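Chains A, B, C, D and E, in that order, give the protein sequences.
Just remember that this note's numbering sits 8 ahead of the position in the first sequence, which is counted from 1.
Just remember that this note's numbering sits 51 ahead of the position in the second sequence, which is counted from 1.
Just remember that this note's numbering sits 65 ahead of the position in the third sequence, which is counted from 1.
Just remember that this note's numbering sits 34 ahead of the position in the fourth sequence, which is counted from 1.
Just remember that this note's numbering sits 46 ahead of the position in the fifth sequence, which is counted from 1.
Ideal Cβ positions, reconstructed from N, Cα and C, are used throughout, including at glycine.
Since the model is a prediction, treat every value here as computed from it, not as a measurement.
I have placed the structure first, in the form of structure tokens, so that the comments after it can refer back to it.
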Amino acid sequence: MKKIAKDKLSLLWKKIAENYQLFLPITEGKVVNFSIWEEGAEVDLNTLRTVNSPKNIIFPQTETYLKFKKEGKKLNLEVVANKGEYVVFGVRSCDVASFKLLDNVFLDEPIDKFYEESRKKGLIISQACLNPQETCFCNSFGINPELAPEGADISTWELGDLLFWEAQSEKGKNLTEALGDILEEVIEDEQEKLNQLKTGIKDRLKDLPLAQINPETIGGDLKEIFDSEIWDELHRRCLGCGMCTYVCPTCHCYDVKDYDGNKGGERFRCWDSCMFSDFTMMAHGNPRTTQKERVRQRFMHKLVYYTNNYKSYACVGCGRCTEKCPVSLDIVKVIKKLGGERNEL
Amino acid sequence: MSVVASSTSVKNVEEFEPLIVAFCCNWCSYAGADLAGTSRLNYPANIKIIRVPCSCRVNSNFVLRAFQRGADGVIVAGCHPGDCHYMTGNYYTRRRFSLLKNLLEYVGIEEARFKVDWISASEGNKFAYVMNDVLEKVHKLGPNRKLRDSRWKR
Amino acid sequence: MSCNCHDDPLVPVIAVVDRIREDTADIKTFQVKKPKEGLPFTFKPGQCAMLSVPPVGEAIFSITSSPTQQNFLEFSIKNVGKVTDCLHQVEEGTEIGIRGPYGNNFPVEEFKGKDLLFIGGGIGLAPLRSVINYTLDNRNDYGKIDIVYGARSPKDFVHSNDLYHNWVQAEGTDVHLTIDKEFEDWKGNVGFVPQYIEELNFSCDKVALVCGPPIMIKFVLEVLEKLGFDQKQIYTTLELKMKCGIGKCGRCNIGDKYVCKDGPVFRCDELGKLPDEY
Amino acid sequence: MEKIREEIKEKARQALASKEVDVILAWEKGELWYDSYPAFFTKEKDIDSLVWDSFCVNNLSKYLLEYTMTDKKIGVFVKGCDALAFNQLVQDNRVSRDKVVLYGLPCSGMVDPDKVRTKNLNQGLTEIKKSKDKLIFITKDKEITVPAHEVYYDKCLHCRYPNPVTYDQLVGETVAAEGVLDDSVRFSGVKELEELSCEERFEYWDGQFSKCIRCFACRNVCPACSCKQCTFDDSDLEVLGKAREDSEDKFFHLIRAYHVAGRCIDCGECSRVCPQDISLEKLNRKLIKDINELYGEYQAGLDPSAKAPLGTYKLEDADSFTVGEKGGKKREKNSKR
Amino acid sequence: MQRVGVFICWCGTNISNTVNIDEVMTAVENMPGVAYSKDYQYMCSEIGQNLVKDTIKEHNLNRIVVASCSPRMHESTFRKAAEAAGLNPYLLEIANIREHCSWVHKDKEAATQKAISLTRAAVAKAILNDELIPGEVGVERRALVIGGGIAGIQTALDIADAGYEVDLVEKTPSIGGKMAQLDKTFPTLDCSACILTPKMVDASMSSKINLYTYSEVEEVSGFVGNFEVAIRQKARSVDMEKCTGCGICLAKCPIKTALSEFEEGLSNRPAIYTPFPQAVPNVPVIDRETCMKFRTGRCGVCEKVCPTKAVDYDQKDQILNKKYGAIIVTTGYDLIDLDYFGEYQYMDHPDVITGLEFERLVNAAGPTGGKLIRPSDKKKPKKVVFIQCVGSRDKSDRGKSYCSKICCMYTAKHAMLLKDKYPDSEAYVFYIDVRTAGKGFEEFQRRAVENYGVNYIKGMVGKIFPTNNKLQVNGVDSLSGEILQIDADMVVLAAATKAKPEADDVARMLSISTDSDSFFSEAHPKLRPVETHCAGIYLAGACQGPKDIPETVAQASAAAVKAIGVLSKSKLVNNPCVSEVDKSICSGCLACADMCPYEAISEKIVEEKANGKIVGRRVAEVNETLCQGCGGCTVTCRPGAIDLKGFSNKQILAEVDAICR
């Protein structure tokens, strides 16, 4: 395990940025988001949760992957490979876990090579959550924000003026080595303090208001849950915006579109939202005509369909929807409704 | 140094051939443009006219789309207020584009890039004058980078 | 680091529209092949492919030719939206993009030795034709073949050459045609497909393959049930909004199944387990 | 507020019991202190969970659109801003006045949870009480009193219509408008920007617009955005592309603001719900300000029978583009209309 | 499948000199959708049109683009050609590469590139063109003529002669207009009244013509074939039916001091009056502002003396609402105000008069009974100076930049009339140029000079000084450079003509346009001289620009023919480029209906399934016969549910994209 004094972090950023695109939580006005670090950027390691999840780094909101040109009857296609190597620093355990959930989909056969490429070129540095918030419920999905999350190449913990640093993967080790002297070895005393820190975090989790949310309380088979009466009422307040899906670290529905430019065109994929009325619109109809069906789809996907296909819930309890949904139609409420009385707090 | 800098900038300006899209109402401004033609007046070829029945047919979407597609300036021209072939159309045009013009300026689009004017069928001279005037001003401003789609090449 | 993104399933390869046949006023059949190699990929009956017509976009279509046809793929396409409209504007010799094959297929191996009943309506004949031609090309492997096909009028029949000649002439094969409404010079049956099936009173020892408009499928299933068919004997193919074709973009699901990946062919008993959202 | 809450519940119960209405639109409480959200009551017994507190920020008027195709009679609770929204929907012919029973709720402001969190008042919070213009944050072991305006939403600080401008029944007593109602304050943000150079303005707005993730929350929450199908969702015309691209982002925001020009009630909901904190109100207020200056003071939602500024004209209207020749070449005399 | 044929016209050298046709042809071939392209010297010629027709058939084309002159010129020509080849005419688009390109640009390369881009836009639009079928609408077979001068009278007579009803609306109490005020007409010197009066009588006697004198048109709506017009019949205070025109009331009226409008203020008239003895109708009107009865409540003499009890002080203005198939505007002209021409002393000296005043002074029925005398002292003038171009061809603000056209001739006429009356008198004419273009004009003017000895002086008058009973005219003979001083007894000013002051209001009411001098604009200066841009509204006479009587009468007959062209049809076809509503998108906000100037949009309830029940939903609906196709509604409609056929959102965006490509 290594460490670095927090006031030397900018040296660290600089060093990493020499060879990688470095993404950090950066403040812009009132919001903190992962953005490319440049000298002078306002890095914010304290804000627990960025507005956008780091999903948009590994799975960009808009990604051009093909360029085309038509000349008479001829068609030319050219694949766009557009990623360099990058490092994301400060990813919380929930968000790290979300990457695995995206991997399940995109790295399943047939493998999405663009995503695979993006994952290969990325190095994830996690940051433990010292002070989980009232909207957090990662624990409910088996995530332990005090530990080094599975999927992180390097994990870090803040302790006082120090940042602890532990490589978790081969990639992580290589970077750690390359950083050389910037990082120092941790001494035993500090190791002990770190253990205490972890226990402290764990204790705090238990007191969070949403700690008892438990998706396992959802009973019944797919069709029973699908036909449940709760959807009749639950959807009513939904505004039909796509905020939940866009800030969600695990939502991954996308659309494929062509742009017709003047000097050839390009094909891109971009995030889409099952909350939008035209998501499943076809020339001859729409299987989900009301917001009820769309709201149901989203939560069924997260809590049932995905689970059936990948043996895991498509939620990491990050709390973004809990905090951001303008009408509080968040997954906690759905789990509670579906789980019935067993889920009362 | 300064001499070199200015000479290159002049060169750049010379290379810049602005594209200006003009929406002209059929009854006045388009006819005014015809008259400018019949009178063999001169204005630069950078201005390209789209015929619409009335200036009130011009949607803000069209204006923004032209900018997105790399137009360096956009003109909406209609009959003088009071002279609308459709009686009242250009009164709406006046309100609609007064607001849009201000809004564009407000978000940092240079004032001269969007021009609304009243040009009657008999004002071939004014047509040519307005076109030359807009072009000259846009030319000074240089290419529209602010609203152009990055995928639309110059 | 090198990138193998050009192998991405989303990336199409160039294919050329070799021949175009106008089946009806709004349906055309396109022969598509790779400029050099011919067949763009191998596939099984019932599978789909994604056709690209930049800059308009992509859409997924079932392959209507049989895998036994080694030189090209065929697609019968109805002009209903942007992409299909663009395809209908295409001329012979035009290059388009193609990727696939996608989805599952009709279990033609399992059908071996069985009598087959094909039930199609309108453009719904397109996916069935692939299986029909496949079974006819492997005639000895299969029992009696009945083809029931209906459309609004004889002018709306797709693949009329097959309907009137090839299939009629095939051994052990009966073609039963019907149209919705009386039509000049039409001597065949008049009436909707489900009623016609009931009239034809097929024995229930067959495998039924159904494809057509949703409303037709619904009533055909009722009739088949009446005739004594078990749900496990009935197969259908579905169409929902599909974008990626590889089960990831998240819009063609019915419950936890993705039509583009787990479908489009569903056995009716499997379908019954899924939510009614298609 | 606590007292009024009971009054509201009673009103709602009675309205359902007497079949005055088929459904009541109000608010309900979730699991967290700030979590009050829209709720739809059809049964008397459910009214127990109805809530009225400092977090009932959601405007319920727009949900009336859901009921346009039914013959249900709807009771809806409206705050000052919500009532303007309601009127706007009536003006836009989207809601019929006679299908709705409006219960007016005077409102002096709603609390911004972010401001509470910033002040760290949420730690161990059990209850919030309101006492005149103060809020008392109660935890297990202490009570902290804070001037209400310190934690109210920005949009509530200069509220001009704290009392509903239309209602059938008023619950509670009217409140005085707090804060400064002077338009110079309301438009100060706009003026600051106007005074910048063109390049500075562009830089500002470019920064704002490029944050947008196109979630459409601003549009979907907006009571003036009541179209059956939004032009941005027109897949046939595709005026707005789906890519996150600077010019597309600008197109979206400019057209969104433009489409509500003269119909924006200035409720500030768009800015509130924006996850990226884009200053949408500065866009809307620019249009309001210009309309006021060019065509005379106008407050959308005040009079449902008024003509929207972009839906009418005057012969002598000023414009912003012909320099020195207001209104064109000829003198305008008598009106034809 | 769209197969676009593109036809590029050279227009002789008009286009091909500035636009490289070959380059355009090459570019066109590669445009998406283009199946065939062809260039030709004169596409509008018969050979050219046949080329279009034949190619449509030969190459199975279903969209046509003609790159040529302005669509305002030949769109209809090529539409007809397309139609003749079996194509819906609205599948054609014009790329204007002449007026908007070759004629305004000099740089060949730039013009060529622009021609390509305009053609590309036309192709992009044409691909999206739909077949449009015009609707039909009935025609109200009655015409309205606004203005009862010679133009209006002639128009009305011609239309009536063709068998259609005409309403002739005149603002003043009698028809006749300016021509009634004239003494003689040039170049024949025949008596103006003698040729006009019979026409006035004919108009009043015609069973097809209804005269509405002392009336004004107040509101016009509708469209060709179906104009709806409100006419205000001002209270005459005399019952038209009862009055026999005996004139007793005129004689008995105690007020005698109102200035006669007809006599240009040179004499007085009573408060109850007919403008002139031959007035049609010969029914007096009470000038309520002058009348004692109306001012003070006392008097009532006319009522008492009227043998038929025709005087009716309680009469009120009446509004008549009528429908017309066509409208002809013949509102005439005025002379400019001479307030700003102080150097000529017109405002200050009674012996400085206008030409029109001169007409009254020499007229036998005029204020002096035909005796030409000075207004100031009733003496015969010996020396008269005529000043031409007072305000005409004058670029300063007080004048008019145009030539008033009639002054040269009437000045010659006046000088001759003077000489006829007083052979010993002297006439001097100051002129800039003498313009005598017209049949017999030159001979007429030469007669003045050669036979009558009128002194023509090329030059302008600087100033006039009134001195001892004389008017000292200071001028310059610009040919000799000599400074002249003429002590004249009388000065006659040829004041410029101008449009009526209310012309702009009339134009606005009719939705027609005026030029910068407020004369009504014709649809085309050469080819459509009596039409306006508004179908069904025509122009005749000096309201369109200065002109003399024969021109006016010719134009009046022309306008009548145009109107008859409309009235003779039982149905008119509509412009099919009208709005239509996509009811599936329409929210029913009806903002479109609010802004429609033609009230063509109304509310409609469509039945739809919602929650398992059939319920009504409000949407907008366009009445295609009322819609004129301005497209304003399409912009009002935020979701784009209402669109304009022929100029759809998609088409215009396609044009934008193509132009910018």
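Original post:
Ordered along the chain, which non-local residues of its own chain (more than five positions away) have a Cβ less than 8 Å from that of E:V522?
Top reply: In the same chain as E:V522, and ignoring 5 residues on each side of it, the C-beta atoms closer than 8 Å to its own belong to G505, M506, G508, E528, I529 and L530, in chain order.
Subject >> CB contact below 7 Å: B:R196 versus chain A >> reply: Chain A contact via Cβ: absent.
Original post:
Is the distance from the Cβ of C:P278 to the Cβ of C:G337 below 7 Å?
Top reply: Cβ distance not < 7 Å, so C:P278 and C:G337 don't count as in contact.
Original post:
Using the C-alpha atoms, what's the distance from B:F178 back to E:F232?
Top reply: One C-alpha to the other measures close to 40 Å.
**OP:** Please name the residue in C:V97, C:T200 and C:C113 whose C-alpha comes closest to that of C:I161.
**Re:** Looking at the Cα atoms, C:V97 is the closest of the given residues.
**OP:** Grab me the residues of C:P132's own chain with a C-beta within less than 8 Å of its C-beta, minus the 5 sequence neighbours each way, in chain order.
**Re:** Closer than 8 Å at the Cβ level, and outside the excluded window around C:P132, lie T107, F108, K109, P110, S195 and Y199.
Original post:
Can the beta-carbon of A:H243 be found less than 7 Å from the beta-carbon of A:Q299?
Top reply: It is a contact, given that the beta carbons lie within the stated cut-off.
Original post:
Does the distance from the C-beta atom of D:D351 to that of B:R145 stay below 7 Å?
Top reply: Cβ distance < 7 Å, so D:D351 and B:R145 count as in contact.
Original post:
Does the beta-carbon distance from A:G273 to A:F122 come in below 7 Å?
Top reply: Between A:G273 and A:F122, the CB-CB gap reaches or exceeds 7 Å.
**OP:** Kindly indicate the opening and closing residues of the beta strand (DSSP E) around E:M536.
**Re:** Start and end: M536 to A541.
Original post:
Under 7 Å between C-beta atoms, does D:A49 make it to chain A?
Top reply: No, because no Cβ of chain A sits closer than 7 Å to the Cβ of D:A49.
Original post:
Is the Cβ of A:Y70 closer than 7 Å to any Cβ of chain D?
Top reply: Before going further, note that residue 70 of chain A is Thr rather than Tyr in the sequence given. Yes, contact with chain D.
Subject >> Own chain partners of D:G358 with C-beta closer than 7 Å, once the 5 adjacent residues on each side are dropped >> reply: The predicted model places D:G358 with a pLDDT of 45, which falls under 50 and marks its position as unreliable; any figure quoted below should be read in that light. Non-local C-beta neighbours of D:G358 in its own chain, meaning closer than 7 Å and more than five positions away in sequence, are absent.
Original post:
Using a Cβ-Cβ cut-off of 6 Å (strictly less than) and excluding sequence neighbours within five positions of D:V91, which residues of its own chain qualify?
Top reply: M144.
**OP:** Please list the residues of the stretch 258-277 of chain D that have a C-beta atom closer than 7 Å to any C-beta atom in chain B, keeping them in chain order.
**Re:** Going along the stretch 258-277 of chain D in chain order, one finds V273 with a Cβ nearer than 7 Å to chain B.
Original post:
For C:I244, which residues in chain A fall below 9 Å Cβ to Cβ?
Top reply: Correct list: empty, because the minimum Cβ distance to chain A is about 21 Å.
Original post:
Taking Cβ positions only, does E:G388 come closer than 7 Å to chain D?
Top reply: Put simply, the CB of E:G388 is far from chain D, with every gap to its CB atoms at 7 Å or more.
Subject >> Beta-carbon contacts of E:A637 that lie in its chain and below 6 Å, excluding the five residues immediately before and after >> reply: For E:A637, where only same-chain residues beyond five positions count, the Cβ hits under 6 Å are T682.
Original post:
So the beta strand (DSSP E) C:H241 belongs to, where does it begin and stop?
Top reply: Counting along the chain, the beta strand (DSSP E) containing C:H241 begins and ends at T238 to I244.
Subject >> Proximity winner among C:G165, C:E102, C:D88 and C:R204, relative to C:N64 (alpha-carbon distances) >> reply: Look at the range of chain C in this structure, 66 to 343, and you will see that residue 64 of chain C is not part of it.
Original post:
So is E:R109 in contact with chain A if we call contact Cβ pairs under 7 Å?
Top reply: For E:R109, no CB of chain A lies under 7 Å from its own CB, so it is not counted at the interface with that chain.
Original post:
Would you say E:T377 and E:C580 are within 7 Å of each other, going by their C-beta atoms?
Top reply: Not in contact: E:T377 and E:C580 (Cβ atoms no closer than 7 Å).
**OP:** In the DSSP assignment, find the alpha helix (DSSP H) that holds E:S603 and state where it starts and stops.
**Re:** I595 to L613 is the span of the alpha helix (DSSP H), which, as asked, contains E:S603.
Original post:
For E:T26, which three-state DSSP category applies?
Top reply: Given a span of 47 to 707 for chain E in the structure shown, any question on residue 26 of chain E remains unanswerable.
Original post:
Do you know how far the Cα of C:G158 is from the Cα of C:R84?
Top reply: Those two C-alpha atoms are separated by around 8 Å.
Subject >> Any C-beta of chain E under 7 Å from that of D:K364 >> reply: At D:K364 the pLDDT is 32, less than 50, meaning the model places this residue with poor confidence; the figure from the coordinates comes in the next sentence. Answer yes: the Cβ-Cβ gap between D:K364 and chain E drops below 7 Å somewhere.
Original post:
Per DSSP, what kind of secondary structure is A:F31 in: helix, strand or coil?
Top reply: Annotated three-state conformation of A:F31 is strand, per DSSP.
Original post:
Can the beta-carbon of E:R187 be found less than 7 Å from the beta-carbon of E:G371?
Top reply: Yes, Cβ-Cβ distance for E:R187 and E:G371 is below 7 Å.
**OP:** Run the CB neighbour count on D:E279, radius 10 Å, all protein chains shown included, and call it buried at 16 or more, exposed below.
**Re:** Looking at its Cβ environment, which holds 16 or more other Cβ atoms inside 10 Å, D:E279 is buried.
**OP:** Please go through the same chain and pick out, in chain order, the residues whose beta-carbon is closer than 7 Å to the beta-carbon of B:S60, but skip the five residues on each side of it.
**Re:** Unreliable placement is indicated for B:S60, whose pLDDT of 40 sits below 50; the coordinate value is still reported in the next sentence. Excluding residues within five positions, none has a Cβ falling inside 7 Å.
Subject >> Minimum Cβ-Cβ distance from D:F120 to chain A less than 7 Å >> reply: Not one chain A Cβ lies under 7 Å of D:F120.
Original post:
When the Cα atoms are used, what is the spatial distance from A:N289 to C:L305?
Top reply: The sequence as given places Met at residue 289 of chain A; Asn does not occur at that position. So the two alpha carbons sit approximately 9 Å from each other.
**OP:** Have a look at E:P622 and E:L107 and give me their C-alpha separation to the nearest angstrom.
**Re:** Between E:P622 and E:L107, the alpha-carbon positions lie close to 22 Å from each other.
Original post:
Quick one: is E:K350 buried, meaning 16 or more other Cβ sit within 10 Å of its Cβ, or exposed?
Top reply: In this structure E:K350 is exposed. Its beta-carbon is surrounded by fewer than 16 other beta-carbon atoms within 10 angstroms.
Subject >> Start and end residues, alpha helix (DSSP H) containing A:E224 >> reply: Per DSSP, A:E224 belongs to no alpha helix (DSSP H) and is neither H nor E.
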